[in-house]
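Numbering (our numbering), first residue to last: 2 to 56.
Before any comments, here is the structure.
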Amino acid sequence: MLVLSRKRTERIKLTKRGESIVITIIHVGGEKVRIGIQAPTDVLVLREEVISQGK
């Protein structure tokens, strides 16, 4: 696993075959981090706990 440190408003960009997914740190507070994800419409973005609940 690649682990990166980012500050608020900094981004991480993933690119494959000319398509990009951009992950932006929106807010860091206490135990929570709010992130924004920009991805093509055919990319399914799910939280792991939703997958494990079978939803």
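Ideal placement from N, C-alpha and C gives every residue a C-beta, glycine not left out.
| Item | Value |
| --- | --- |
| Integer-rounded CB distance, given that V23 should sit under 8 angstroms from R12 | 6 angstroms |
| Cutoff 6 angstroms; reference T1; Cβ partners in own chain excluding five residues on either side | Limits of the chain in this structure are 2 at one end and 56 at the other, which puts residue 1 out of reach. |
| Within 9 angstroms, strictly: CB atoms of V46 and A40 | yes |
| Beta-carbon proximity check, L15 vs S6, cutoff 9 angstroms | no |
| Residues that E1 bridges to, as DSSP identifies them | This structure cannot speak to residue 1, because the chain is shown only from 2 to 56. |
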